[in-house]
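For the sequence shown, counting from 1, position 171 maps to 163 in our numbering; every step adds exactly one.
Okay, structure first, notes after.
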Amino acid sequence: MTDRIKTCCDILELPEVPSLPELKSAYKKLIKQWHPDRFHSDARLERLAQQKAKKINEAYRYLVQVVGEGSSPTEAKEWQGVPNPYHTRHRYAWQRYTPGFPDPHVLEIFLDSSHIVSAGYDRERQILYLKFLGNEIFLYYDVPEYVYYDFMYAESHGRYALKYIYPHFRYKKYSPFEAA
């Protein structure tokens, strides 16, 4: 047991490296006891409680890494899965996607959406490119520029597309074999 793990166990009043449920219960017990909101009447005790709560939180975070995800914090940090190049919060962030659209002049913009990975727009030909889960690319024809901008600034890209794009514009699924 390293010195830091031992120190964290001492802060959380644990005799040894615990299991995750033991760690959580020890943390909850101590944070209830030393939460700064309990000591508003005495300024000195409130400062002490803030310091104690900070140490308790730091010790807990460190031990959760050790206990929950691996045998050491460095090992826990190494296993983070595939890096998320799209900075999204959804499950498809762990999948690999082929960047780019069929037209190399179209800028691909990645989206935070449940099923639309990215979008692009060809202003000259009025074609909207949408890339979905599984690298499927659909081309929507005769889409006015204002629809593209409204889509990009919509609160929910999927909802906007469902309501204003899918039912109103001609589309074709892009196949790389047809382009050749």
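All C-beta atoms, glycine included, are put in the ideal place defined by N, C-alpha and C.
Is the Cβ-Cβ distance between residue i and residue j less than 9 Å?
i	j	result
E8	L22	no
Y121	Y138	no
C1	P13	no
V58	I(-3)	yes
A18	R30	no
D142	Y163	no
Taking 7 Å as the limit between beta carbons, can you name the residues of its chain near residue i, skipping five residues before and five after?
i	result
S186	The first residue shown for the chain is -7 and the last is 172, placing residue 186 beyond what the model contains.
S105	H149 and G150
H32	E38
K47	I3
K44	W26
R115	E137
Buried or exposed: residue i, going by 16 or more other Cβ atoms within 10 Å of its Cβ?
i	result
A35	exposed
Y140	buried
L55	buried
Y145	exposed
G112	buried
D(-5)	exposed
Residue i and residue j look like a contact to me (Cβ under 8 Å); what is the Cβ gap, rounded to whole Å?
i	j	result
I173	P94	This structure gives no information on residue 173, because the portion of the chain shown stretches from -7 to 172.
Q118	V135	6 Å
I238	A153	What the structure shows of the chain is the stretch from -7 to 172, and residue 238 is not part of that stretch, so it cannot be assessed.
Output needed for residue i: all residues of its chain with C-beta closer than 8 Å, excluding positions within five of it in sequence on either side, in chain order.
i	result
L15	L4, L6, Y52, L55, V56 and V59
T(-1)	A51
Identify, in the order they occur along the chain, each residue of the same chain with its Cβ nearer than 6 Å to the Cβ of residue i, setting aside the five sequence neighbours on each side.
i	result
Y166	P94, I129 and L131
Task: Secondary structure, beta strand (DSSP E): runs of 3+ residues fully inside the region 80 to 166 - done: Here the runs fully enclosed are 108 to 114, 119 to 124, 129 to 133 and 163 to 165.
- [ ] Report the residue ranges of all alpha helix (DSSP H) runs contained in full by the region 6 to 66; include only those spanning at least 4 residues, in chain order.
- [x] Whole alpha helix (DSSP H) segments, 4+ residues: 12 to 26 and 35 to 61.
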